[in-house]
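Engineer:
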Amino acid sequence: MGYSNIARKYCLPIAIAGVHAILQFLDFPILRIDGYWQLPSKECWYNHPFQALITLNGTSPALALFHSAFAHLGKGNPYPLYAVFLPILHAISCHLFLSVLSRLKIRYRNIWAALFFINPLAFAYFRYPFYSTYLFFLSLVLLYSLFVVRDKNRKLLYVSITIAAAATIRPSWHLGLAIFWIGWLTWHERKKLSRASVITAFLILLLPFGLYLKNFLLFDSFSASSWLGMNLARSRLITLDSNERKNLAPFQLPTTLYRGIYSENDPLVSRYSDKICLNEDDYHNIRFIEVSRKYLSKVKEATNVQQSLKLLKFGIKVYLSSPSNYPFLLPQFAAIPEFLRKYPGLDWFASVSIGSFDKNLYRIVYPISLLLLLLRFPSLSYKIRIIVLHTVSMTILYSFIDPFEANRMRFELEPFWYLCVLFSFIRAKTYVDRGIKMIRSKVSREN
């Protein structure tokens with residue numbers, strides 16, 4: 204490999220690492236996640252990480268375990284390590300994307316990669332140690348495994364490992380999605396796969412299955428999250444009456460507000476009354492399992508088709524907002540010089556006023572690109588079809604389950620959207636070029 208090829212392949216990831224170094228020198232913040240409701244108390248995740256792994260049921264334990272590991276390595280302060288680790292993930296993500304574009308023989312790949320990965324939006328999220336950042340990275344690992352890894356057996360195993368890892372990070376990357384991915388690849392590559400690799404790929408899915416089984420055995424809930432009822436009720440503005448308050452919304456503290464909705468005589472409360480991670484005044488308190496179930500029952504009673512479609516419409520509107528239009532990014536937004544806040548702000552594809560719907564290109568480009576792919580869906584390769592199916596299904600899920608944060612969740616899927624845009628518009632350009640060529644040929648014949 205010549206120096207010019209090395210430069211083309213690695214200059215952009217190196218530049219990204221350099222920009223992060225400059226941002227660190229300028230004290231551009233690494234966002235703090237201490238106190239997030241996805242984390243249990245520090246006493247739990249820092250001093251009892253194994254118990255956190257076993258007992259967390261409202262969300263997947265991976266975030267708490269990551270945070271605990273970095274905190275221990277950083278002697279109580281994980282953020283200096285995040286300041287090194289997250290930029291490395293950003294640079295590797297760019298390299299993976301370039302590799303995918305190279306494998307697909309897409310022209311001007313460095314320009315496309317720069318357009319997406321030097322966007323301030325990417326730098327903002329790769330200074331944010333939260334679900335969306337990790338899943339953006341794993342999305343690229345998934346795409347790399349799908350397109351770049353040539354050996355079919357290794358491809359299947361890499362996809363299985365990646366999708367299983369994603370399922371342990373965020374409940375929305377659920378077990379059904381993982382099974383669908385492996386089943387899809389197994390079917391379409393069935394003549395080229397060994398029986399051992401297929402069996403191994405499905406055995407790897409025992410990792411996310413283990414989370415479901417653990418929650419079923421310990422908490423009578425075969426799911427990755429016991430918060431489904433509260434999440435659905437929050438987006439639908441559904442309330443319950445407790446002994447302490449009328450019209451009580453989900454996700455409120457202190458836990459005692461929900462007395463009357465839960466009972467101290469509940470079998471789960473009695474069983475885990477001495478567990479550190481399940482009796483703190485946070486949303487991981489064992490009492491919230493019963494509270495969430497009560498909200499879920501109320502959601503089922505109140506839900507109808509018209510309301511669901513209206514909510515989905517609102518969720519898609521939020522989903523197509525810029526991921527930078529997210530309240531928890533305010534410290535980064537405030538760190539930008541004032542004259543740059545309106546535009547480009549944290550996203551050069553949008554003009555953002557935090558807290559209101561922004562003007563952006565996503566509302567135009569993403570729906571059109573997806574529509575173009577859906578119109579040609581039967582003729583697409585099985586690899587592109589699963590990308591389209593994954594993008595559509597997760598878009599609907601995010602927009603419906605938690606519409607208020609759908610734009611932040613969309614960042615997890617941005618690598619899929621980037622490819623959808625390139626696939627659709629490059630194909631459209633091919634048709635345009637072909638049409639121009641036919642017109643020119645016709646004109647030349649007439650002359």
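Under our numbering, the first residue of the sequence shown carries the number 204, and numbering increases by one thereafter. Ideal placement from N, C-alpha and C gives every residue a C-beta, glycine not left out.
1) Quick check on Phe-491: buried or exposed, where buried means 16 or more other Cβ atoms within 10 Å of its Cβ?
2) Could you check if Lys-503 is buried or exposed, using at least 16 other CB atoms within 10 Å of its CB as the buried criterion?
3) Going by alpha carbons, who is nearest to Asn-610 out of Ser-627, Ser-426, Arg-566?
4) Just to confirm the assignment: which complete alpha helix (DSSP H) runs, minimum length 4, are found wholly within the region 353–403?
5) By the three-class DSSP mapping on this structure, what secondary structure does Ala-452 have?
6) Where do the ends of the alpha helix (DSSP H) carrying Tyr-249 lie?
7) If I measure Cβ to Cβ from Pro-547 and keep anything under 8 Å in the same chain, skipping five residues before and after, which residues do I get?
8) What span of residues does the alpha helix (DSSP H) with Gln-241 cover, start to end?
9) List the whole-angstrom C-beta distance separating Pro-411 from Ala-367, where the pair is believed to meet the contact cut-off of C-beta under 8 Å.
10) Does the region 498–512 touch the region 256–270, meaning 3 or more C-beta pairs lie closer than 8 Å?
11) So Leu-443 and Leu-451 are supposed to be a Cβ contact under 8 Å. How far apart are they, rounded?
12) With 16 other CB atoms within 10 Å as the buried threshold, where does Val-508 fall?
13) How would you label Trp-376, buried or exposed, when you count the other beta carbons within 10 angstroms and need 16 or more for buried?
14) With a CB to CB cut of under 7 Å and the five nearest residues on each side skipped, what residues in its chain are close to Pro-281?
15) Could you tell me which of Pro-453, Ile-604, Leu-343 sits nearest to Phe-320, measuring between CA atoms?
16) Rounded to whole angstroms, what is the Cα-Cα separation between Cys-247 and Phe-542?
17) How is Leu-318 classed by DSSP in three states: helix, strand or coil?
18) Whole angstroms is fine: what's the gap from Pro-283's alpha carbon to Ser-397's?
19) What residue does the alpha helix (DSSP H) around Leu-349 start on, and which one ends it?
Structural biologist: Taking the geometry as given:
1) buried
2) exposed
3) Arg-566
4) 355–372, 378–391
5) coil
6) 245–250
7) Pro-323
8) Counting along the chain, Gln-241 falls outside any alpha helix (DSSP H), and DSSP gives it neither H nor E.
9) 5 Å
10) no
11) 5 Å
12) exposed
13) buried
14) His-270, Phe-273, Ala-274
15) Leu-343
16) 43 Å
17) helix
18) 45 Å
19) 334–350
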